[in-house]
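Peer 1: Provided herewith is a single structure, encoded as structure tokens, for subsequent inquiry.
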Amino acid sequence: MSHSVPSHPQMDVQVERKFVPKQKDLGADVTWAKINKDVLKSLEKPRPVFWVIFFSALALFSFGVYCEVYQYQNGMGVSDLNNPQVWGLYIATFIFWIGMGHSGTLLSALLHIIHADWRKPIYRYSEAMTTFTLLTAALFVLVHMGRLWQFYYVVAYPNERWTWPNFTSPLVWDATAIGTYLTSSLLFLYMGMIPDLAICRDNARGARRALYRFLSMGWQGTDRQWANFKVAYMTMACFLMPLAVSVHSIVSTDFAVSQNPGWHVTSFPPYFVLGALYSGCSGIITLFIVLRYVFRFEAYMTQPILNKLIKMTFAIAMVWTYLDLIEYATTWYGSDEVAKADLVYRATGDYALQFWGMIFCAMVMPFTLLIRFVRTNYTTLLIISLILNVGMWLERFQIITPTFAKSHYPWLWTAGWWPSWVQWGIVAGSFGWFTMLFMLYCKIFPSVSMYEVKEMVHEQNMEEKAHATQAEVHEAGLLPEMEGGQA
Amino acid sequence: MKKSHTLALYADMDEAANALKELKSSGVSGFRMEDVVVKSPIDHPELSELLGPRPVYIQWFTLLGVLLGPTTGLVLIASAQASFIYQVRGGRPVVPLPPDMVLTYELFILSGVLMTVLATFVAMKLPGNRSPLYNASVSEDKIGILVKAEPQSIPQINEILGRHKPLEIMGDQAR
Numbered sequence: 180m181s182h183s184v185p186s187h188p189q190m191d192v193q194v195e196r197k198f199v200p201k202q203k204d205l206g207a208d209v210t211w212a213k214i215n216k217d218v219l220k221s222l223e224k225p226r227p228v229f230w231v232i233f234f235s236a237l238a239l240f241s242f243g244v245y246c247e248v249y250q251y252q253n254g255m256g257v258s259d260l261n262n263p264q265v266w267g268l269y270i271a272t273f274i275f276w277i278g279m280g281h282s283g284t285l286l287s288a289l290l291h292i293i294h295a296d297w298r299k300p301i302y303r304y305s306e307a308m309t310t311f312t313l314l315t316a317a318l319f320v321l322v323h324m325g326r327l328w329q330f331y332y333v334v335a336y337p338n339e340r341w342t343w344p345n346f347t348s349p350l351v352w353d354a355t356a357i358g359t360y361l362t363s364s365l366l367f368l369y370m371g372m373i374p375d376l377a378i379c380r381d382n383a384r385g386a387r388r389a390l391y392r393f394l395s396m397g398w399q400g401t402d403r404q405w406a407n408f409k410v411a412y413m414t415m416a417c418f419l420m421p422l423a424v425s426v427h428s429i430v431s432t433d434f435a436v437s438q439n440p441g442w443h444v445t446s447f448p449p450y451f452v453l454g455a456l457y458s459g460c461s462g463i464i465t466l467f468i469v470l471r472y473v474f475r476f477e478a479y480m481t482q483p484i485l486n487k488l489i490k491m492t493f494a495i496a497m498v499w500t501y502l503d504l505i506e507y508a509t510t511w512y513g514s515d516e517v518a519k520a521d522l523v524y525r526a527t528g529d530y531a532l533q534f535w536g537m538i539f540c541a542m543v544m545p546f547t548l549l550i551r552f553v554r555t556n557y558t559t560l561l562i563i564s565l566i567l568n569v570g571m572w573l574e575r576f577q578i579i580t581p582t583f584a585k586s587h588y589p590w591l592w593t594a595g596w597w598p599s600w601v602q603w604g605i606v607a608g609s610f611g612w613f614t615m616l617f618m619l620y621c622k623i624f625p626s627v628s629m630y631e632v633k634e635m636v637h638e639q640n641m642e643e644k645a646h647a648t649q650a651e652v653h654e655a656g657l658l659p660e661m662e663g664g665q666a
Numbered sequence: 082m083k084k085s086h087t088l089a090l091y092a093d094m095d096e097a098a099n100a101l102k103e104l105k106s107s108g109v110s111g112f113r114m115e116d117v118v119v120k121s122p123i124d125h126p127e128l129s130e131l132l133g134p135r136p137v138y139i140q141w142f143t144l145l146g147v148l149l150g151p152t153t154g155l156v157l158i159a160s161a162q163a164s165f166i167y168q169v170r171g172g173r174p175v176v177p178l179p180p181d182m183v184l185t186y187e188l189f190i191l192s193g194v195l196m197t198v199l200a201t202f203v204a205m206k207l208p209g210n211r212s213p214l215y216n217a218s219v220s221e222d223k224i225g226i227l228v229k230a231e232p233q234s235i236p237q238i239n240e241i242l243g244r245h246k247p248l249e250i251m252g253d254q255a256r
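Those protein sequence lines, which keep their order, are chains A and B. Residue numbers for the first sequence, in this note's numbering: 180 to 666. Residue numbers for the second sequence, in this note's numbering: 82 to 256.
Shown next, in the form of structure tokens:
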């Protein structure tokens, strides 16, 4: 319902009667000094549950190491990998981790470019998530090779064998793209941290002080440094956007350029990119809730910010769902009978449980995000975000295993193949490895960007100041009075 | 003559801006606005405007990176393919340009990023030593104005800076 403002002769503005002011991303009690205090405190004294998570992750990682050593000593046979099941859980989990790593840097860069301020309290840990997921993913490339010591064969360098890697192979593209992404993400993370490392340096003692002094490299926050920093950070964000899209597109070519049924699909690159964003966003929600509690970041990781993150995750989930259904439709209405049989086998064969599990977890469960209770109850949301990621892991599993199990040649069919405990152990170990590294990072480095949250506070204060000035002008009768202070 | 430094700390950005404005219009001899440095916990473009133009050249290094990286990368890849003696290409080109574009593109990004980072460190003079008048509160919530000037101009400058409610004025003359 609207009404016109009659009091001013020069203006006839339609004003919404029920104006509801937007909820602010940060509370009014957040000050610059408080930001420093809270974030620095998180480096010293997290809640005791931090250690529970850390040592549980360490135990899981140790089990993974044991499995890897066992596989190394006894050969790949113990993993049950064999022709044609040569990838198994290792490559499925590799894609899962690469995908998880996508959202951190990509969303941070994208939201930075479009000046979406709500990214500021959450981008740092998201970027760290990217770095550690990429490090975790890289492990699986080594693990699935079996012969670890021959890894250098795939590295391009002049050698006595007079041979080079095949530069037209998607596997070489993959290694290069991931290497580029890891290097760039790490530099992006580090560059963004320099002003905060200087704050840590100014407040730390002992070994920590030496570490921060080394890493902050003498940052003083001068106007020249800020001017250069802003340009450099924006430039890097512009590079990282297309890079992130290219990385998962290239990962999809590992599949899409092959002739295997179910893989030779044109829509694979965008499907993989969206899948990566989807699982990454779910991962960011999971870590949001964990860090908020463990490091007492309630003042910075607020409900309005979480709402925006959830809305974005839901939108991405819907686009991913659309692309997934398009993939099935293309196969179903196409003329490739083997691919069609593969699709039917996925839905009704030995791996039907995983297929329908994926459909339920990744396609149906996102709709629960529309329920207000789910969005505002952190425990429920944590469980939902984990279920979404289980769905995305199952998606990677059912891309790989059913295709290998029933491909073109019946004499190579391995229907009902199931990975051994060694594979499961190494996969579990990777989750331990990631969690351990991530928690360690959050304990040593500020996981909330102090200077950028200060910028948010500064901008909020400026806005309030502008509103107050406007209100004063209204009171003085210079402008017509309007609800909500907006014309 | 060796120049001296003075650093004034402000709790309020408006006061710091007023101090800069007065400093700029004061006509005090023995210092230049280019030698005035603002130290702050966040970027303050509104203060930087008062200081005059502070050009940034990073983008030129980035341009150099994105030109050199892919060119060098493509030449290396193509020359490696051309010198690969154990190859059976079945009639296909020895140097296939379309698939080589994938790696060329990755090298375009990588060299662009590396050159940007390198240029940033050079431009920010990092790694470097902090100035002797550094105060840790500028990384928390204070704004510092550091002025480099002839020693005889420092009292006048301190007077101007002192008119705008500074929390503290420090100088290296006393040491």
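Where a beta carbon is used, it is the ideal one built from N, C-alpha and C, also for glycine.
For A/Leu327, which option in A/Ile484, A/Glu247, A/Tyr472 has the closest C-alpha, if you only look at C-alpha atoms?
Peer 2: That would be A/Glu247, whose Cα lies nearest to the Cα of A/Leu327.
Peer 1: Quick one: is B/Lys120 near chain A, going by C-beta distance under 7 Å?
Peer 2: So yes, B/Lys120 belongs to the interface.
Peer 1: For A/Met396, which three-state DSSP category applies?
Peer 2: In this structure, A/Met396 counts as coil in the three-state DSSP scheme.
Peer 1: Between the C-alpha atoms of A/Arg575 and A/Thr527, what's the straight-line distance to the nearest angstrom?
Peer 2: Approximately 18 Å, taken between the alpha carbons.
Peer 1: Can you confirm whether A/Cys275, when its beta carbon is compared against all beta carbons of chain B, has any partner nearer than 7 Å?
Peer 2: As written in the sequence, residue 275 of chain A is Phe, which differs from the Cys given in the question. No, no contact with chain B.
Peer 1: Kindly say whether B/Ala163, judged by its beta-carbon, lies nearer than 7 Å to any beta-carbon of chain A.
Peer 2: Chain A contact via Cβ: absent.
Peer 1: Strictly below 8 Å CB to CB, what residues from chain B border A/Phe408?
Peer 2: Residues of chain B passing the Cβ test: Asp124, Thr201, Met205.
Peer 1: Using a threshold of 7 Å, state whether the C-beta atoms of A/Phe451 and A/Val430 are closer than that.
Peer 2: For A/Phe451 and A/Val430, yes; Cβs fall inside 7 Å.
Peer 1: Following the continuous beta strand (DSSP E) through B/Tyr91, name the residue where it begins and the one where it ends.
Peer 2: Residues 85-91.
Peer 1: By the three-class DSSP mapping on this structure, what secondary structure does A/Thr527 have?
Peer 2: Helix at A/Thr527.
Peer 1: I want to see whether chain B comes within less than 7 Å of A/Ile378, judged by CB atoms only; does it?
Peer 2: With 7 Å as the cut-off, A/Ile378 counts as an interface residue toward chain B.
Peer 1: Taking the alpha-carbon positions, what's the B/Phe112 to B/Ser85 distance?
Peer 2: In a straight line, the C-alpha of B/Phe112 is about 10 Å away from that of B/Ser85.
Peer 1: Is DSSP giving A/Val334 helix, strand or coil here?
Peer 2: If DSSP states are grouped into helix, strand and coil, A/Val334 belongs with coil.
Peer 1: Within the same chain, show all residues whose beta-carbon is closer than 7 Å to that of B/Val221, passing over the 5 residues directly before and after it, in chain order.
Peer 2: For the record, residue 221 of chain B in the displayed sequence is Glu; it is not Val. The residues are Pro122.
Peer 1: Any Cβ of chain B within less than 7 Å of the Cβ of A/Ala212?
Peer 2: So, interface residue.
Peer 1: Does any C-beta atom of chain B lie closer than 7 Å to the C-beta of A/Leu285?
Peer 2: No, no contact with chain B.
Peer 1: Please say whether B/Tyr91 and B/Ile190 have beta carbons closer to each other than 7 Å?
Peer 2: Cβ atoms of B/Ile190 and B/Tyr91: not closer than 7 Å.
Peer 1: Put B/Lys120 into one of helix, strand or coil per three-state DSSP.
Peer 2: Three-state DSSP puts B/Lys120 in a strand.
Peer 1: Pop quiz: A/Leu237 and A/Gly611 are said to be a contact at Cβ under 8 Å. What is the actual Cβ separation, rounded to whole angstroms?
Peer 2: Rounded, the Cβ-Cβ distance is 7 Å, consistent with contact.
Peer 1: Would you say A/Trp297 and A/Ile484 are within 7 Å of each other, going by their C-beta atoms?
Peer 2: It is a contact, given that the beta carbons lie within the stated cut-off.
Peer 1: Beta strand (DSSP E) containing B/Gly252: first to last residue?
Peer 2: Start and end: 249-252.
Peer 1: Strictly below 7 Å CB to CB, what residues from chain B border A/Asn215?
Peer 2: Those are Glu221, listed as they occur along chain B.
Peer 1: Put A/Ala411 into one of helix, strand or coil per three-state DSSP.
Peer 2: In this structure, A/Ala411 counts as helix in the three-state DSSP scheme.
Peer 1: Beta-carbon of B/Val176 versus every beta-carbon of chain A: anything under 7 Å?
Peer 2: Chain A contact via Cβ: absent.
Peer 1: Using 8 Å as the threshold, is the stretch 285-296 of chain A in touch with the stretch 616-630 of chain A, meaning 3 or more CB pairs across them?
Peer 2: Contact between the stretch 285-296 of chain A and the stretch 616-630 of chain A is absent, because fewer than three Cβ pairs lie under 8 Å.
Peer 1: Skipping 5 residues on each side, what residues in its chain have a beta carbon closer than 6 Å to that of A/Gln665?
Peer 2: With a pLDDT of 45 at A/Gln665, under the threshold of 50, the modelled position of that residue is not reliable, and the figure given next carries that caveat. The answer is none, since no qualifying residue turns up.
Peer 1: According to DSSP, simplified to helix, strand and coil, what is A/Met180?
Peer 2: Summary for A/Met180: the model assigns pLDDT 39, below 50, so the residue's position carries little reliability, and this model does not support an answer.
Peer 1: Please list the partners that A/Gly400 has in chain B, where partner means a Cβ-to-Cβ separation under 7 Å.
Peer 2: Under the 7 Å cutoff, chain B gives Lys120, Ser121, Pro122, Val219, Ser220.
Peer 1: What is the DSSP secondary structure of B/Ile224, reduced to helix, strand or coil?
Peer 2: Three-state result, B/Ile224: strand.
Peer 1: Per DSSP, what kind of secondary structure is A/Thr593 in: helix, strand or coil?
Peer 2: In this structure, A/Thr593 counts as coil in the three-state DSSP scheme.
Peer 1: Would you report the Cα separation of A/Val601 and A/Phe418, rounded to the nearest angstrom?
Peer 2: Roughly 39 Å separates the two Cα atoms.
Peer 1: Since A/Val473 contacts A/Val218 with CB under 8 Å, what's their CB separation in whole angstroms?
Peer 2: At roughly 13 Å, the Cβ-Cβ gap does not stay under 8 Å, so A/Val473 and A/Val218 are not in contact.
Peer 1: In the stretch 125-147 of chain B, which residues sit with their C-beta less than 8 Å from some C-beta in chain A, listed in chain order?
Peer 2: For the stretch 125-147 of chain B, which is checked against every Cβ of chain A, the residues closer than 8 Å are His125, Leu128, Ser129, Leu132, Arg135, Val137, Ile139, Gln140, Thr143.
Peer 1: Within the 7 Å Cβ cut-off, does B/Val169 reach chain A?
Peer 2: False, the Cβ-Cβ gap to chain A never drops below 7 Å.
Peer 1: Within 10 Å of its beta-carbon, does A/Met544 have 16 or more other beta-carbons around it, so buried, or fewer, so exposed?
Peer 2: A/Met544 comes out buried.
Peer 1: Would you please state the rounded distance, in angstroms, between the beta carbons of A/Ala423 and A/Met370? I believe it to be under 8 Å.
Peer 2: About 16 Å separates the two Cβ atoms, so there is no contact after all.
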